[in-house]
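See structure below.
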Amino acid sequence: MAYNFSVLTQEQAANIAFNWHYDGEYSFYDIEADKDDLDEFLNSEERGNSTFAVTKENELVAFLNISEIANRTFDIGLGMRPDLTGKGNGIEFLRAGINFIQSEFKPEIITLSVATFNQRAIKLYRKVGFKDVETFMQDTNGSTFKFLKMEYKF
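109 is the number that the working numbering gives to position 101 of the sequence shown; each next residue is one higher, with no gaps.
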């Protein structure tokens, strides 16, 4: 069954923000873990039409944020529902997301940033074709963390 992408509704945003809680070190990705992230995610004006609900068989399974950062270069942020992570669903979801971005936005490059401790996600991104660009430090969740910027070229 195919993944479907539609602009995230306020109800879906609240569901993700308050009900999606990840286990262990992955709790870093809970939307509630950073007040600024939470406020931005729940603000429909800030989200605009750039955050998409990802459904499969009419069930919310993920979200995808897409921002054009330069001419035909798009940065993405994504999250899969916690009970679906670590079970081999990522490749199909990520490929569907790339196909959606390609069909809707015609990018030359897609970038993303991932916390370096998240080797599970980094391995997935590399398997799908993302390449390492650089590491950088970012303030989030009340501290400073090392991130890896990656890119996918068409």
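Just so it is clear, CB atoms sit at the ideal spot from N, CA and C, and this is done for glycine as well.
| request: Output the distance between the C-alpha atoms of residue 99 and residue 150, rounded to the nearest integer angstrom. | output: 31 Å
| task | May I ask you to report which of helix, strand or coil DSSP gives residue 150? | result | coil
| field | Rounded distance between the beta-carbons of residue 69 and residue 89, thought under 8 Å | value | 5 Å
| Which residue comes first and which comes last in the alpha helix (DSSP H) that contains residue 43? | 43-50
| said: Please state whether the Cβ-Cβ distance between residue 118 and residue 144 is less than 8 Å. | reply: no
| task | Assign residue 21 to one of two classes, buried (16 or more other C-beta atoms within 10 Å of its C-beta) or exposed (fewer than that). | result | buried
| request: May I have the straight-line CA-CA distance separating residue 17 from residue 61, to the nearest angstrom? | output: 8 Å
| task | Measure the alpha-carbon distance for residue 84 versus residue 97 and round it to whole angstroms. | result | 18 Å
| field | Whether residue 94 touches residue 71 by CB criterion (8 Å) | value | no
| Based on the DSSP output, what are the partners of residue 173 in its beta bridges? | Nothing can be reported for residue 173: it is not among the residues displayed for the chain, which extend from 9 to 162.
| query | If you compare alpha carbons, which of 146, 136, 107 is closest to residue 122? | reply | 146
| query | Which value, in whole angstroms, describes the spacing of the CA atoms of residue 53 and residue 130? | reply | 31 Å
| What distance in whole Å lies between the Cβ atoms of residue 42 and residue 148, which are believed to be in contact at a cut-off of 8 Å? | 5 Å
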